[in-house]
Amino acid sequence: MDWNHHNGPGVRRPLAAMTSLLRRTHLTPPDLLADAVDEAVAHLGAQATVYLADYTQTVLVAMARPSIEPAPNLTIDGTLGGRAYRMLAVQTAVVDGEAQLWMPIIDGVERVGVLKIVVEDGGSLEDRAFRRQCWWFAHYLGHLVTMMDTYGDGIDAVRRRQPRTLSAELIWQLLPPLTSGTDKVIVSGRLEPSSSVGGDVFDYALSDTAAQFAIFDATGHDLHSGLAAAAALAAYRNARRQGHGLFEQTESVHRAVQDAFGGRMYATGVLATLDLDTGRLRYLSAGHPPPLLLRAGKIVKTLDAGRRPLLGLDMREGNIAEEMLEPDDTVVLYTDGITEARDEQHQFFGIDRLADFIEREVSAGTPMPEMVRRVCRRILDHQGGVLQDDATMLLVQWTTTGQAYLEPTR
Numbered sequence: 002m003d004w005n006h007h008n009g010p011g012v013r014r015p016l017a018a019m020t021s022l023l024r025r026t027h028l029t030p031p032d033l034l035a036d037a038v039d040e041a042v043a044h045l046g047a048q049a050t051v052y053l054a055d056y057t058q059t060v061l062v063a064m065a066r067p068s069i070e071p072a073p074n075l076t077i078d079g080t081l082g083g084r085a086y087r088m089l090a091v092q093t094a095v096v097d098g099e100a101q102l103w104m105p106i107i108d109g110v111e112r113v114g115v116l117k118i119v120v121e122d123g124g125s126l127e128d129r130a131f132r133r134q135c136w137w138f139a140h141y142l143g144h145l146v147t148m149m150d151t152y153g154d155g156i157d158a159v160r161r162r163q164p165r166t167l168s169a170e171l172i173w174q175l176l177p178p179l180t181s182g183t184d185k186v187i188v189s190g191r192l193e194p195s196s197s198v199g200g201d202v203f204d205y206a207l208s209d210t211a212a213q214f215a216i217f218d219a220t221g222h223d224l225h226s227g228l229a230a231a232a233a234l235a236a237y238r239n240a241r242r243q244g245h246g247l248f249e250q251t252e253s254v255h256r257a258v259q260d261a262f263g264g265r266m267y268a269t270g271v272l273a274t275l276d277l278d279t280g281r282l283r284y285l286s287a288g289h290p291p292p293l294l295l296r297a298g299k300i301v302k303t304l305d306a307g308r309r310p311l312l313g314l315d316m317r318e319g320n321i322a323e324e325m326l327e328p329d330d331t332v333v334l335y336t337d338g339i340t341e342a343r344d345e346q347h348q349f350f351g352i353d354r355l356a357d358f359i360e361r362e363v364s365a366g367t368p369m370p371e372m373v374r375r376v377c378r379r380i381l382d383h384q385g386g387v388l389q390d391d392a393t394m395l396l397v398q399w400t401t402t403g404q405a406y407l408e409p410t411r
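If you're matching positions, the sequence shown starts at 2 in the working numbering and goes up one per residue.
Structural data, given as structure tokens:
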């Protein structure tokens, strides 16, 4: 089959679509990406609109194109495009005679947005070859969005729907991708409130043999807490990248916070290493809420060993704990803003409610990044839409099968 052969209007050339997008974006500024996409999709005999998820993950925002009226925003909950994003599932529909294909845009396994593709022939919606071509196109587009986001503010301007505090600006620039994975592990996290997060932060590093990850919560809710969290994160990365173990990583974080703030600030945290060949988990918790262990759809254990004092205050050495995971086990890390969220009756959200919510989402087959999003939305709802504290969650699953939930179903 000659993928580049063109016999006239309507003939699809998938390779030409990909090369067109590659060629057009070589020197294209981020704010003109949507034009390049539409030009490239024409090689598939279609038209396209690029929607990006805003930072709150509540709305899909269409990327504007010069001289063309922008499409209206779509809510992530309650729309066809939103369902494609939430469940990583391709959606099709014929609306007012318009044949629509809604394709998730992902970078690796990180959700970026949704690509709306419109074709003249409704029969194309069920054409498996065409859908596969669109899937690869959307996947490559996800890489482009993430890469081009670092070149300017055009993509950020689409996703940012409210001002950020200085602390939140600092934290967001330090975060790794919210979701990532390999053929052995999946990691997904989230921070709330996205526009004013203070001292919560997480990080991870994946290799073929190990997953190293950590979560930190610096005291306070202002720029000082953001600076303390940044110091903790930088110290953790520095020690980890030098090949140091958990003790040395923890000591490095402690010294960084103590040296920078002289005992005026402190942080809690959990640092861990997971052997991806054996499932051996080693972890150390510094005054932080203990992680939960999710196994076979149920929270079966609290990982409450491996304790040491707060980071930045006491320098007493703690002890490293170990836990042997079973295939498909998930470690649930969170900050106290999750469990200590209070409703109007001053009732805490609590561990039991968190465990129950996670178990129900697992039972429903919810993809991991969507589960994290829903937990954070549930915490926000519990507090009447206004968080009293940062709420952060990080899930780490040791698996060779869970990856299937993160590949858009076609």
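For every residue, glycine included, the Cβ atom is placed at its ideal position computed from N, Cα and C.
A quick note: this is a predicted structure, and the numbers were derived from the prediction, not measured.
The shortest CA-to-CA distance from Tyr205 to any of Arg238, Ser197, Ala233 is the one to Arg238. About 6 angstroms separates the Cβ atoms of Arg161 and Tyr56, confirming a contact at the 8 angstroms cut-off.
The beta carbons of Val373 and Arg191 sit closer together than 8 angstroms. For Ser286, no alpha helix (DSSP H) run applies; the uninterrupted beta strand (DSSP E) run containing it begins and ends at 281 to 287, by DSSP.
Residues of the same chain with a CB within less than 6 angstroms of the CB of Thr93, apart from the 5 flanking positions on each side, are Leu102, Leu126 in chain order. About 15 angstroms separates the beta carbon of Gly143 from that of Ile118, a gap too long to meet the 8 angstroms contact definition. Non-local C-beta neighbours of Leu326 in its own chain, meaning closer than 6 angstroms and more than five positions away in sequence, comprise Gly280, Leu282, Trp399, ordered along the chain.
Cβ atoms of Ala63 and Thr50 come within 8 angstroms of each other, at about 6 angstroms. Check the Cα spacing between Ile69 and each of Asp39, Leu294, Asp382, Val95: the tightest is with Asp39. Assignment of Tyr141 by DSSP, reduced to helix, strand and coil, places it in the helix class. By the 16-neighbour rule on beta-carbons within 10 angstroms, Met148 is exposed. Between Val146 and the set Ala35, Leu285, Ala306, the nearest pair of CA atoms involves Ala35. Secondary structure remark: continuous beta strand (DSSP E) runs of at least 3 residues inside the stretch 285 to 323, in chain order: 293 to 296, 299 to 303. Inclusion of Leu295 and Thr336 in the CB contact set at 8 angstroms is not warranted, their separation being larger than that value.
Under the rule that a run must span 4 or more residues, the alpha helix (DSSP H) segments found entirely inside the stretch 200 to 267 read 224 to 242, 247 to 262.
Contact check for Leu167 against Leu234 fails: the beta carbons are separated by 8 angstroms or more.
Asp39 sits in a helix when the DSSP states are folded into three classes.
Note: Ile156 is not bridge-paired with any residue in the DSSP secondary-structure output. Here Thr251 is not near Leu228, since their CB atoms are 8 angstroms or more apart.
With distances taken between CA atoms, Ser196 lies nearest to Ala392 out of Gly403, Ala392, Asp150. Around the beta carbon of Val95, fewer than 16 other beta carbons sit within 10 angstroms, so the residue counts as exposed.
Pairing Thr180 with Val188 gives a Cβ-Cβ distance under 8 angstroms. By the CB criterion at 8 angstroms, Val376 and Phe358 fall inside the cutoff. Distance between Arg309 and Ala100, taken at the CA atoms: about 59 angstroms. Going by beta carbons, Thr274 and Asp218 fall outside the 8 angstroms limit.
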